[in-house]
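A.B. asks: Got a structure for you, questions after.
Right, dumping it as structure tokens:
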């Protein structure tokens with residue numbers, strides 16, 4: 001190893017790892033070493049620049065807590081989270097999109113037709129649609145887990161100190177025998193990702209904003225099907241074409257229309273909506 | 001941006017950064033995005049694998065303190081620190097090697113010929129050599145800053161709680177009018193890099209050890225010359241050919257010989273050495 005130079009060191013480093021030949025761990029490790037060593041050579045990275053990278057990661061680590069994962073945020077604003085979502089979307093299924101930092105296990109079960117808004121101010125929308133497989137067969141008993149911001153762009157979990165209940169604006173619904181789901185809620189507003197830390201410094205250094213367009217979060221599951229984690233956005237709304245975390249896909253944009261013919265849908269609703277947003281989810285079979 | 005897919009997202013992310021065209025920041029940022037997005041695509045990285053990477057970085061951040069920079073350690077064991085040293089070594093100059101985590105500003109000034117060991121047990125070695133420019137001209141007044149482990153492989157700074165002085169086994173010497181330096185000290189022993197954290201988990205996952213061969217650390221400076229940060233290793237000693245952080249270069253390995261003809265060197269020494277280690281440093285001019 002005393003003979004290594006800048007062109008042979010990459011193989012030397014790989015060889016020190018006694019990984020199972022051809023294993024996934026080996027592939028991922030070797031690929032990362034190849035790409036990042038090439039990067040370092042191609043750009044003739046200096047000591048100061050490299051320490052800048054390492055200290056940036058250090059700072060990301062120092063601001064992180066169990067409630068704030070700055071490395072997920074970094075992955076989001078650099079498009080990695082979106083790229084991983086795109087790569088892992090199954091053919092024919094609804095496209096995946098960011099999980100985001102506000103998901104909570106064990107959101108409350110709600111009845112179809114109930115209202116999620118807990119009387120919050122804002123536009124009351126009916127959100128409804130069907131959950132099917134890729135051959136358009138309805139999936140009765142599919143489960144839809146949703147969470148969202150309010151009409152000020154805030155998640156209740158962010159304002160627990162102001163007395164908000166972190167389980168507000170969340171709910172788990174079971175689709176009916178036709179695979180339908182329906183509930184009313186408040187139309188959410190855009191908000192910024194946290195920009196008071198190292199990732200915010202990076203955004204400012206590149207003259208980038210921190211805004212996300214308004215959206216609803218979903219995890220949809222059904223027995224024997226691949227679960228999907230995704231988001232639904234709203235046509236013509238602010239930041240729809242420049243989401244700070246690259247979550248928007250054309251197929252995930254829903255129309256919001258005035259609630260004219262809601263009665264004809266035949267839903268039993270707890271609250272009368274001002275507007276309607278329809279969106280169908282498609283799940284692909286496992287394996 | 002709603003039309004992005006896994007092949008167009010990389011350019012879309014680059015375009016959101018309004019960086020100065022052709023600036024170093026833009027080059028480094030775009031290069032990193034190109035390489036790491038390619039990596040993600042080539043290996044079809046899954047959500048679980050990507051979260052594994054992000055959580056590994058999170059863990060590195062959580063164990064880091066002002067005294068422990070786990071990201072530097074990660075850079076070391078993956079060969080990045082060595083690669084950056086190699087890339088930035090100036091033609092004709094002594095090769096660079098790891099700074100390591102134990103450097104201290106303001107180590108005590110010592111007289112040539114003094115002993116660094118503070119009466120520690122072990123083999124007493126005379127370390128001596130010349131500091132020249134790349135044309136072999138001596139550099140009188142060059143300054144050599146050294147620090148090292150003891151004969152148990154421990155740096156005094158690691159045992160401050162056991163009453164050790166963190167400035168022990170360190171010294172700053174000024175070369176004489178012939179560019180010579182000379183001092184006695186204790187022959188250091190191999191030691192392990194910290195492996196009780198996430199980087200240790202990575203090493204174990206790849207069946208790698210955490211040992212470094214014994215070495216002396218140096219920063220050498222002279223007016224008008226590029227300073228070098230490097231290490232000197234000892235021929236035939238343990239781990240010399242499998243340093244956990246890839247610091248060894250053939251040109252940085254010195255011989256350790258019995259101290260037979262020390263008197264002929266004409267040095268005034270505070271202590272009589274058992275062995276001699278000779279090493280010359282070469283500095284390249286600035287710019």
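Protein chains in written order, with UniProt numbering: chain A, 1 to 287; chain B, 1 to 287.
From the three backbone atoms N, C-alpha and C, an ideal C-beta is built for every residue, glycine too.
In this text, all values refer to a predicted model and were calculated from it rather than measured experimentally.
Is the separation between the beta-carbon of residue 277(B) and that of residue 262(B) shorter than 9 Å?
C.D. replies: Against a cut-off of 9 Å, the Cβ pair of residue 262(B) and residue 277(B) comes out as no contact.
A.B. asks: Please report the straight-line C-alpha distance between residue 228(A) and residue 244(A), rounded to a whole angstrom.
C.D. replies: Taking the straight line joining both Cα atoms gives about 22 Å.
A.B. asks: Could you give the C-beta distance for residue 94(A) and residue 230(A), rounded to a whole number, given that I count them as a contact under 8 Å?
C.D. replies: So it is a contact: roughly 6 Å between Cβ atoms.
A.B. asks: Using a Cβ cut-off of 9 Å (strictly closer), state whether residue 86(A) contacts chain B.
C.D. replies: Chain B, which has a Cβ nearer than 9 Å to the Cβ of residue 86(A), makes this yes.
A.B. asks: Is residue 17(B) helix, strand or coil by DSSP?
C.D. replies: Residue 17(B): coil per DSSP, three-state reduction.
A.B. asks: Just the C-alpha distance for residue 18(A) and residue 26(A), rounded to the nearest angstrom, thanks.
C.D. replies: Whole-angstrom Cα-Cα distance: 9 Å.
A.B. asks: Just the C-alpha distance for residue 7(A) and residue 22(A), rounded to the nearest angstrom, thanks.
C.D. replies: Taking the straight line from one Cα to the other gives about 23 Å.
A.B. asks: Please list the residues of the region 52 to 63 of chain B that have a C-beta atom closer than 7 Å to any C-beta atom in chain A, keeping them in chain order.
C.D. replies: Residues 54, 57, 58, 60, 61, 62.
A.B. asks: Going by DSSP, what residues sit across from residue 253(B) in a beta bridge?
C.D. replies: DSSP output for residue 253(B) lists 233(B) as bridge partner(s).
A.B. asks: Using a Cβ-Cβ cut-off of less than 8 Å, give me the residues of the region 186 to 212 of chain B that come near chain A, in sequence order.
C.D. replies: Within the region 186 to 212 of chain B, the residues whose Cβ lies closer than 8 Å to some Cβ of chain A are 205, 206, 207, 208, listed in chain order.
A.B. asks: Looking at residue 118(A) and residue 124(A), is the spacing between their C-beta atoms short of 9 Å?
C.D. replies: No; because the gap between Cβ atoms is not below 9 Å, this pair is not in contact.
A.B. asks: Return helix, strand or coil for residue 145(B), following the three-state DSSP convention.
C.D. replies: If DSSP states are grouped into helix, strand and coil, residue 145(B) belongs with the strands.
A.B. asks: Please say whether residue 37(A) and residue 13(A) have beta carbons closer to each other than 9 Å?
C.D. replies: Yes; because the gap between Cβ atoms is below 9 Å, this pair is in contact.
A.B. asks: Determine, for residue 92(B), whether the minimum Cβ-Cβ distance to residues of chain A falls below 9 Å.
C.D. replies: Not an interface residue.
A.B. asks: Would you call residue 106(A) buried or exposed, if buried means 16 or more other Cβ atoms sit within 10 Å of its Cβ?
C.D. replies: Label assigned to residue 106(A): exposed.
A.B. asks: For residue 207(A), which of 42(A), 77(A), 15(A), 4(A) has the nearest alpha-carbon?
C.D. replies: For the residues 42(A), 77(A), 15(A), 4(A), the minimum Cα distance to residue 207(A) belongs to 77(A).
A.B. asks: For residue 152(A), decide whether its Cβ has a neighbour in chain B, counting only Cβ atoms nearer than 9 Å.
C.D. replies: Taking Cβ atoms only, chain B never reaches closer than 9 Å to residue 152(A), which makes this a no.
A.B. asks: Report the start-end ranges of each alpha helix (DSSP H) in the region 32 to 104 of chain A that is 4 residues or longer and not cut off at the edges.
C.D. replies: If we require 4 residues or more, the alpha helix (DSSP H) runs fully inside the region 32 to 104 of chain A come out as 47 to 63, 70 to 77, 80 to 87.
A.B. asks: Identify the contact partners of residue 75(A) in chain B, using a Cβ-Cβ distance below 8 Å as the criterion.
C.D. replies: Simply 50, 54.
A.B. asks: When DSSP builds the beta bridges, which residues end up paired with residue 240(B)?
C.D. replies: Paired residues: none, contrary to the question.
A.B. asks: Check each candidate in 120(B), 98(B), 126(B), 171(B) and name the one with the smallest Cα separation from residue 273(B).
C.D. replies: Measuring from the Cα of residue 273(B), the nearest candidate turns out to be 126(B).
A.B. asks: Who does residue 130(B) pair with in a DSSP beta bridge?
C.D. replies: Answer by DSSP bridge pairing, in chain order: 180(B).
A.B. asks: Given 8 Å as the limit, is there contact between the region 64 to 82 of chain B and the region 137 to 151 of chain B, that is, 3 or more CB pairs closer than that?
C.D. replies: With a cut-off of 8 Å, the region 137 to 151 of chain B and the region 64 to 82 of chain B do not count as touching, because too few Cβ pairs lie within range.
A.B. asks: Is residue 252(A) closer than 9 Å to residue 182(A) when the C-beta atoms are compared?
C.D. replies: No. Outside cutoff.
A.B. asks: Pull up the CB-CB distance for residue 152(B) and residue 110(B), whole angstroms please, since I reckon it's below 8 Å.
C.D. replies: Not really, about 22 Å apart at Cβ, beyond 8 Å.
A.B. asks: If you follow the beta strand (DSSP E) that residue 171(A) is in, where does it begin and where does it stop?
C.D. replies: 170 to 174 is the span of the beta strand (DSSP E), which, as asked, contains residue 171(A).
A.B. asks: Could you tell me which of 33(B), 184(B), 170(B) sits nearest to residue 156(B), measuring between CA atoms?
C.D. replies: Ranking 33(B), 184(B), 170(B) by Cα distance to residue 156(B) puts 170(B) first.
A.B. asks: With a cut-off of 8 Å on the beta carbons, I'd call residue 238(A) and residue 213(A) a contact; round off their distance for me.
C.D. replies: Contact holds; Cβ gap of about 6 Å.
A.B. asks: Note down, in chain order, each residue of its chain lying with its Cβ closer than 7 Å to the Cβ of residue 4(A), except the 5 sequence neighbours on either side.
C.D. replies: Here the set comprises 12.
A.B. asks: Could you check whether the Cβ of residue 46(A) sits closer than 9 Å to any Cβ belonging to chain B?
C.D. replies: Yes - at least one Cβ of chain B is within 9 Å of the one on residue 46(A).
A.B. asks: List the residues that DSSP assigns as beta-bridge partners of residue 283(B).
C.D. replies: According to DSSP, residue 283(B) bridges with 133(B).
A.B. asks: What does DSSP give as the partner residue(s) for residue 191(A) in the beta ladder?
C.D. replies: Looking at the DSSP assignment, residue 191(A) forms a beta bridge with 212(A).
A.B. asks: Can you confirm whether residue 170(A), when its beta carbon is compared against all beta carbons of chain B, has any partner nearer than 9 Å?
C.D. replies: Closer than 9 Å: no.
A.B. asks: Mark residue 168(A) as exposed unless 16 or more other C-beta atoms lie within 10 angstroms of its C-beta, in which case mark it buried.
C.D. replies: Its Cβ being crowded by 16 or more others within 10 Å, residue 168(A) is buried.
A.B. asks: With distances taken between CB atoms, is the gap from residue 194(B) to residue 210(B) smaller than 9 Å?
C.D. replies: The answer is yes: Cβ separation under 9 Å.
A.B. asks: Going by C-alpha distance, which of 46(B), 283(B), 40(B) is nearest residue 225(B)?
C.D. replies: Answer by Cα proximity: 283(B).
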